[in-house]
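Participant: First the structure, then my questions, so here it is.
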Amino acid sequence: MTATPASSIDDHPIARRMWAEDNASRALGIELIELDAGRARTSMRVGAQMVNGHGITHGGYVFIIADTTFALACNSGADAAVAARCDIRFLRPTREGDVLVAEAHEVQSFGRNGIYDVTVTCDGDVVAEFRGDSRTIPARRD
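See the structure below:
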């Protein structure tokens, strides 16, 4: 998949800076497809090193793409945010070579808190559902 962010490079500076410095996601081949206010979409091809002893994608890698997409969505606003809590439901397996697509959207925000849902799909089939709670934090100082 080719990354084609919907908004300009100047939009969502906190999320874009975080993404630019995200070595973990880059090392896994996660691509940013779309970033907008309260929303994000990413993709990742399942590599051989991501498969467990059952021949299916290790759940940790499915969690990583969901968590990365959640982080992008909750950092797309005016304030930096981190995860306060999250959980995932694995619904069906995927295998080496499959392309996972994660889509996150804000469900609700209140005060310094936010709730985000992330759906992970493969070829249009839902493989996992993730819910994350975010909490804004003070601006980063360099």
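Straight run, no breaks: the sequence shown in my numbering ends on number 145.
Using N, Cα and C, we set each Cβ at its ideal position, and we do this for glycine too.
All figures in this text were calculated on a predicted structure; none of them were measured in a lab.
Can you confirm whether the segment 69–78 touches the segment 104–113 when touching is taken to mean that 3 or more C-beta pairs between the two stretches lie within less than 8 Å?
Facilitator: yes
Participant: Could you give the DSSP three-state label for residue 143: helix, strand or coil?
Facilitator: coil
Participant: Leaving aside the five residues before and after residue 89 along the sequence, list all residues of the same chain whose C-beta is less than 6 Å from its C-beta, in chain order.
Facilitator: Around residue 89: 135.
Participant: Using 7 Å as the threshold, is the C-beta distance between residue 59 and residue 46 below it?
Facilitator: no
Participant: For residue 125, which of 95, 112, 141 and 111 has the nearest alpha-carbon?
Facilitator: The shortest Cα separation from residue 125 among 95, 112, 141 and 111 belongs to 95.
Participant: Check whether the segment 109–118 touches the segment 48–59, counting contact only when three or more Cβ pairs, one atom from each stretch, lie closer than 8 Å.
Facilitator: no
Participant: Along the chain, where does the alpha helix (DSSP H) containing residue 49 start, and where does it finish?
Facilitator: Per DSSP, residue 49 belongs to no alpha helix (DSSP H) and is neither H nor E.
Participant: Excluding the 5 residues preceding and the 5 following residue 28 in the sequence, name in chain order all residues of the same chain whose CB lies nearer than 7 Å to its CB.
Facilitator: 71
Participant: Look at the Cβ atom of residue 131, then the Cβ atom of residue 49, and state whether they are nearer than 7 Å.
Facilitator: no
Participant: Would you mind reading off the limits of the beta strand (DSSP E) that contains residue 74?
Facilitator: Residue 74 -> not in any beta strand (DSSP E); alpha helix (DSSP H) instead, spanning 62–77.
Participant: Would you kindly work out how many angstroms separate the C-alpha atoms of residue 99 and residue 61, rounded to a whole number?
Facilitator: 10 Å
Participant: Can residue 25 be considered in contact with the ligand ZN, in the sense that its beta carbon sits closer than 6 Å to one or more heavy atoms?
Facilitator: Looking for the ligand ZN in the displayed structure turns up nothing, as the structure carries no ligands at all.
Participant: Does DSSP classify residue 17 as helix, strand or coil?
Facilitator: helix
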